[in-house]
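The block underneath contains the structure these notes are about, expressed in structure tokens.
What follows is the structure in structure tokens.
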């Protein structure tokens, strides 16, 4: 996922301040994901779990990221696509419902872990993180398609 992010940053970085901010927030989210998942280079001691506080911090970033997409970035991208004709706006509008599917997965994950009071829930974390990662990876690909539409029409 980080490799794809780097490609996205190279492709669209510097073109728009909002897109730059959004890609930077995606990077921070991915880093926090690696920390919580215990993936290199953020590996933890053998078979240890993250703290509930670390998971809740990740949830905060996750909700902020998906909210930023829905309430700031997507609207601006769709408005920009409107300038480039019906095919651009149709493509953008076709991608948004697909992106929304991952929003539901992110919000379900957030609800499960931010409302948790018992650390025993962390025994489900690996499985839940794996499902979330699949959903978010699909989301990132769709978001990148949305940015590509805008980039192709704009450049």
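Residue numbers (full-length UniProt numbering): 1 to 155.
For glycine and all other residues, C-beta sits at the position ideal for the given N, C-alpha and C.
These figures come from a predicted structure and were not determined experimentally.
{"Item": "Beta-carbon gap between residue 159 and residue 91 smaller than 7 Å", "Value": "No statement about residue 159 is possible, as the shown extent of the chain runs from 1 to 155 and does not include it."}
{"Item": "Member of 57, 116 and 142 whose CA lies at the smallest distance from the CA of residue 97", "Value": "142"}
{"Item": "Residue environment, residue 40, which counts as buried when at least 16 other CB atoms sit within 10 Å", "Value": "exposed"}
{"Item": "Residue from 13, 3, 110 and 145 whose Cα sits closest to the Cα of residue 88", "Value": "145"}
{"Item": "With 16 other Cβ atoms within 10 Å as the buried cut-off, status of residue 16", "Value": "buried"}
{"Item": "Nearest candidate by alpha-carbon position, reference residue 120, set 58, 52, 107 and 80", "Value": "52"}
{"Item": "Straight-line gap, residue 81 to residue 134 (C-alpha atoms, nearest Å)", "Value": "28 Å"}
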